[in-house]
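Residue numbers (the numbering used here), protein chains in the order written: chain A, 18 to 262; chain B, 231 to 624; chain C, 2 to 337.
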Ligand SMILES: Nc1ncnc2c1ncn2[C@@H]1O[C@H](COP(=O)(O)OP(=O)(O)OP(=O)(O)O)[C@@H](O)[C@H]1O
Ligand SMILES: [Mg+2]
């Protein structure tokens with residue numbers, strides 16, 4: 018099994034030797050690397066609390082790395098402020114529901130287009146696209162998002178994220194707390210985004226089964242460090258060997 | 231013998247105490263300067279009792295001056311209307327302050343810190359307005375007169391023999407009483423923060439939930455700090471105004487309160503002594519600045535204020551010059567908060583008090599405690615892995 | 002027997018109030034008049050409290066310098082009208098709004114932004130003290146500039162002559178039937194209503210308003226969609242200061258102005274935001290009206306007119322204490 022992803026080809030997002038934490042001298046991640054290939058789903062797995070979410074927060078700029086580099090399309094984005102990273106084609110769906118719960122569904126989705134808010138035509142088009150993708154949201158467009166169910170709130174979040182046509186989407190446990198049927202739908206959605214629209218997706222998940230089914234390349238973290246990595250077939254084979262499945 | 235920084239601290243403390251005792255002599259017993267010294271000590275008590283609440287529990291009372299006035303008015307009314315002797319009224323006034331503090335404390339301290347600040351600022355201002363309006367009851371804007379204390383004969387004689395210039399002017403007994411109260415109040419607060427309660431204060435400030443989990447009653451702890459701090463303010467106010475002979479409602483203005491806070495913060499509100507020294511320093515520098523003519527006219531000219539025709543009210547000149555001095559202190563307060571959150575004086579005290587030799591021991595102790603904590607966490611972790619029977623299994 | 006304090010006497014002789022009612026000293030018309038006056042001033046209270054609410058919901062702090070922006074707003078109008086005779090009053094009010102906005106925004110950049118960036122220890126304590134420090138600073142700056150004597154801006158408008166029978170006007174007064182209402186207050190309330198409408202429109206109908214709401218509901222999510230939360234902080238603080246400044250600007254022709262006029266005004270806004278529920282926009286509007294009416298009724302029905310004005314603020318304090326005691330989340334409080 019290859020241990021260094023750098024040997025592979027066309028990376029759109031590269032994380033190298035990352036040290037990052039919540040307090041000044043306590044690094045949660047200690048030298049983590051991660052490379053995401055264009056148009057593929059890269060999945061990050063690991064036990065609770067190993068720092069998967071921390072990695073995504075660092076990529077999106079909510080945490081400032083103490084060392085290491087994060088590159089998008091070959092250019093370091095460390096100096097780009099968080100709120101500007103969306104303009105680079107990066108999008109992020111955090112682990113905890115991040116919606117504007119007292120605002121209506123429509124306003125929530127429109128806010129996804131904040132960066133091109135003066136382009137009325139594009140806003141209208143993207144909104145329409147999203148309503149076609151999630152018809153239920155069209156029905157509830159005037160309702161405050163806080164009143165929707167968990168699954169529908171996730172849809173709002175996803176719809177909001179898709180407003181900007183991001184190249185790379187960071188997704189953190191998108192199906193936590195959702196019903197089984199909805200879970201399958203969400204994973205199908207991610208798969209469609211890759212297959213039909215060529216998006217690059219970095220997926221952090223606890224749902225190992227589902228996540229592996231749609232993944233292309235897998236990283237496994239262990240307490241702030243890389244443990245193993247490899248193309249999904251290798252990882253699945255290894256897991257089967259390990260657990261005699 | 232090896233030189234240690236703490237010796238400097240001891241020497242400075244001794245010097246300060248000597249200065250405190252001989253201050254009236256140092257200013258040649260001039261009544262004005264003795265009064266200034268006494269007032270400085272009064273403010274020092276107020277600032278350090280305010281920082282007992284602010285610096286140790288993280289709660290902010292803007293009614294400290296109001297409590298000072300409340301105690302004083304209560305004492306004055308007890309004397310005037312109910313025939314109390316001054317010393318009885320002093321105790322009564324302090325107790326009344328405590329009761330009001332208790333009520334306000336229980337009302338606000340169950341909630342986030344900002345509620346106490348919000349309520350006390352409203353309470354302070356409205357209390358002052360009511361006192362001002364209740365002319366028959368409080369004397370209104372003209373104030374309420376208080377009789378001075380009379381010492382019992384034997385004490386008077388004793389003090390006369392110790393302090394030869396005891397009768398030189400009326401402010402000398404006042405000064406020494408205030409100095410005594412200052413030392414006593416600081417000692418009391420110092421012992422309080424060193425006691426179990428002091429640890430509770432800090433624990434509640436640092437992490438409310440953790441403190442509650444350890445069995446500290448969060449609300450009661452805060453209320454205790456608030457009541458003690460308010461009662462000290464009331465006590466200082468009563469004693470001070472008995473010697474002054476009069477209290478006016480404007481003594482409780484929010485501007486005065488701001489000045490007390492500026493004193494505590496600039497001195498360092500995390501440290502009782504720092505706050506007290508800050509008060510003494512600021513009060514004396516205000517007095518000293520009073521002696522220096524501020525080029526107000528030039529300032530007004532530079533700010534184009536004369537062009538606007540505002541400098542016509544000549545009588546306001548003095549007040550206005552003082553205002554610009556206060557502006558300086560306001561600015562200093564904001565800059566201190568922004569750039570030196572521990573104040574300007576208390577870091578020096580802390581530096582002097584830090585003992586080099588003991589430091590490493592303390593560090594080792596800390597390190598060991600950290601190791602213990604890690605062990606604890608691991609123990610808890612393994613328990614959790616073994617399965618918690620109370621947890622519902624799905 | 003010990004003579005009872007007057008305060009207690011008032012409480013005991015509550016029946017005096019009832020007597021007064023029955024002797025028809027207090028008539029229905031009088032009560033209606035008090036309620037109307039309360040609503041007029043309540044609109045302005047609401048405007049001020051809305052500013053504080055805006056600041057609280059976006060920055061999650063309470064500004065203890067709110068009253069000082071009110072004070073400065075009033076002084077700006079006074080200074081302009083005093084210096085340039087014949088300057089249009091409405092324009093002076095706009096200038097006051099701009100000045101307070103700029104002071105607020107600059108203060109936010111210099112002293113509050115480090116807090117939002119995590120450069121300050123114990124941010125919640127810092128926020129209380131630094132805004133209080135600002136109020137100290139501004140009070141004495143204005144005392145230095147304007148001096149301690151009360152100022153009052155000249156009236157710069159007059160009613161058109163109307164006589165519709167029930168509604169009549171003189172130059173300075175509006176009569177509803179036989180209820181006279183001070184024109185100054187009506188004028189102030191109208192401007193305040195316009196300002197309220199403008200702010201609400203801005204908050205709910207413009208992109209920037211949505212962005213403010215977004216930041217107040219979820220800072221991180223706002224950054225995810227590309228909103229700069231730091232800019233929204235500055236905008237919210239500036240706007241909050243501006244609303245207080247507007248309230249002062251419209252009232253300077255009604256009340257006389259001293260550098261510490263903002264202190265009771267602050268206290269009133271605090272009562273309102275706690276009554277309405279911290280961070281609730283409808284709460285601050287309703288709370289403002291309630292406080293205005295309660296104060297007006299309490300003052301108007303106070304047995305001793307000589308002291309009634311001084312007790313005006315006491316009613317607010319009583320409301321404050323009751324809310325803290327019975328329902329600390331306020332009327333429209335949402336769990337934060
Ligand atoms: N806001 C925070 N402040 C301080 N420490 C944090 C914070 N968030 C997470 N941590 C710590 O960082 C470590 C990694 O957390 P992280 O959220 O990245 O884990 P995770 O791999 O996403 O776990 P999970 O599967 O539970 O989401 C944990 O030990 C956690 O205690
Ligand atoms: Mg996580």
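Glycine is no exception: its CB is placed at the ideal position from the N, C-alpha and C atoms. Note that the structure is predicted; figures quoted are calculated from it, not measured.
State the CB to CB distance for the pair residue 467 of chain B and residue 302 of chain B, rounded to an integer number of angstroms; the pair is presumed to be in contact (CB under 8 Å).
Yes, residue 467 of chain B and residue 302 of chain B are in contact; Cβ-Cβ is about 4 Å, under 8 Å.
In three-state DSSP terms, what is residue 543 of chain B?
In this prediction, residue 543 of chain B scores a pLDDT of 47, lower than 50, which makes its location untrustworthy; the coordinate-derived value is nonetheless stated afterwards. Coil at residue 543 of chain B, not helix or strand.
Of the residues C:284, C:307, C:258, which one's Cα is nearest the Cα of residue 330 of chain C?
Out of C:284, C:307, C:258, C:284 has the C-alpha closest to the C-alpha of residue 330 of chain C.
Determine the DSSP secondary structure at residue 204 of chain C, reduced to helix, strand or coil.
DSSP places residue 204 of chain C in helix when its eight states are reduced to three.
Hey, could you find the ends of the beta strand (DSSP E) residue 243 of chain A is sitting in?
Run containing residue 243 of chain A: 242-248, per the beta strand (DSSP E) assignment.
Give a yes or no on whether 8 Å exceeds the smallest Cβ distance from residue 278 of chain C to chain A.
No, its Cβ sits nowhere closer than 8 Å to a Cβ of chain A.
Name the chain B residues that come within less than 8 Å of residue 296 of chain C, Cβ to Cβ?
Within 8 Å Cβ-Cβ: nothing; residue 296 of chain C doesn't reach chain B, min ~12 Å.
Within 7 Å: the Cβ of residue 112 of chain A and any heavy atom of ligand 1?
True, at least one ligand heavy atom lies under 7 Å from that Cβ.
Report the CB separation of residue 30 of chain A from residue 221 of chain A in whole angstroms; it is logged as a contact under 8 Å.
14 Å between Cβ atoms; not a contact.
When you compare the CB of residue 94 of chain A with every CB in chain C, is at least one pair closer than 8 Å?
So, not an interface residue.
Enumerate in chain order the residues of its own chain whose CB-to-CB distance from residue 38 of chain A is below 8 Å, with the five nearest sequence positions on each side excluded.
44, 45, 46, 71, 80, 83, listed in sequence order.
Quick one: Cα of residue 112 of chain A to Cα of residue 76 of chain A, how far?
Cα to Cα, the separation comes out at about 14 Å.
Could you please give the first and the last residue of the uninterrupted beta strand (DSSP E) stretch that includes residue 310 of chain C?
Looking at the DSSP string, residue 310 of chain C is not in any beta strand (DSSP E); the run it does join, the alpha helix (DSSP H), is 306-327.
CB residue 625 of chain B to CB residue 462 of chain B, shorter than 8 Å?
In the structure displayed, chain B extends from 231 to 624; residue 625 of chain B sits before or after that span and is not available.
May I ask you to verify whether the segment 477-491 of chain B touches the segment 371-390 of chain B, counting CB pairs closer than 8 Å and requiring at least 3?
A contact exists between the segment 477-491 of chain B and the segment 371-390 of chain B.
For chain A, find out if any of its Cβ atoms is closer than 8 Å to the Cβ of residue 227 of chain C; answer yes or no.
Yes, because at least one Cβ of chain A sits closer than 8 Å to the Cβ of residue 227 of chain C.
Residue ranges of each alpha helix (DSSP H) run of no fewer than 4 residues wholly in the segment 114-159 of chain C, ordered along the chain?
Counting whole runs of 4 or more residues, the segment 114-159 of chain C contains the alpha helix (DSSP H) stretches 114-117, 124-147.
For the alpha helix (DSSP H) containing residue 416 of chain B, list its first residue and its last residue.
Note, residue 416 of chain B: alpha helix (DSSP H), 401-424.
Check whether the segment 446-460 of chain B touches the segment 280-289 of chain B, taking contact to mean three or more Cβ pairs, one atom from each stretch, closer than 8 Å.
Touching, per the Cβ criterion.
Taking the Cβ atom as the reference point for each residue, do residue 164 of chain C and residue 356 of chain B lie within a distance shorter than 8 Å?
Contact: no.
May I ask you to check if the CB of residue 67 of chain A is nearer than 7 Å to at least one heavy atom of ligand 1?
Residue 67 of chain A Cβ: within cutoff of ligand 1.
Buried or exposed: which applies to residue 218 of chain C, given that a residue is buried once 16 or more other Cβ atoms fall within 10 Å of its Cβ?
Result: buried.
For residue 239 of chain A, write down the residues that DSSP places opposite it in a beta bridge.
Answer is A:242.
May I ask you to verify whether the segment 77-93 of chain C touches the segment 51-60 of chain C, counting CB pairs closer than 8 Å and requiring at least 3?
Contact fails: fewer than three Cβ-Cβ distances are below 8 Å.
With hydrogens ignored, establish whether the beta-carbon of residue 45 of chain A is closer than 7 Å to any heavy atom of ligand 1.
Yes, ligand 1 has a heavy atom inside 7 Å of this Cβ.
Name the residues in the segment 269-292 of chain B whose C-beta lies less than 7 Å from a C-beta of chain C; which are they?
Under the 7 Å Cβ criterion, the segment 269-292 of chain B contributes 288, 290.
Distance, Cα to Cα, residue 270 of chain A vs residue 73 of chain A?
The question about residue 270 of chain A has no answer here: the residues shown for chain A are numbered 18 through 262.
Count the other CB atoms within 10 Å of the CB of residue 360 of chain B; is the residue buried (16 or more) or exposed (fewer)?
So residue 360 of chain B ends up on the buried side.
Is the beta carbon of residue 300 of chain B closer than 8 Å to that of residue 322 of chain B?
No, these two residues do not count as a Cβ contact at 8 Å.
Quick one: residues in its chain with C-beta nearer than 6 Å to the C-beta of residue 298 of chain C, no 5 flanking neighbours on either side, listed in chain order?
So the qualifying residues of the chain are 35.
Does the pairing of the segment 67-74 of chain C with the segment 263-270 of chain C give three or more beta-carbon distances under 8 Å?
A contact exists between the segment 67-74 of chain C and the segment 263-270 of chain C.
Strictly under 8 Å for the Cβ-Cβ distance: is residue 275 of chain C near chain B by that measure?
Taking Cβ atoms only, chain B reaches closer than 8 Å to residue 275 of chain C, which makes this a yes.
Ligand 1 and residue 500 of chain B: does the residue's C-beta get closer than 7 Å to at least one heavy atom of that ligand?
Answer for residue 500 of chain B: no, Cβ out of range of ligand 1.
List, from N- to C-terminal side, the alpha helix (DSSP H) runs of 4 residues or more that fit wholly inside the segment 62-124 of chain C.
As far as the segment 62-124 of chain C is concerned, its whole alpha helix (DSSP H) runs of at least 4 residues are 67-84, 90-108, 114-117.
Which of the residues in the segment 206-219 of chain C, read from start to end, lie with their CB under 8 Å from any CB of chain A?
Listed in sequence order: 208, 211, 212, 214, 215, 218, 219.
Nearest CA to the CA of residue 470 of chain B: which residue from B:236, B:295, B:290?
Cα-wise, what sits closest to residue 470 of chain B is B:295.
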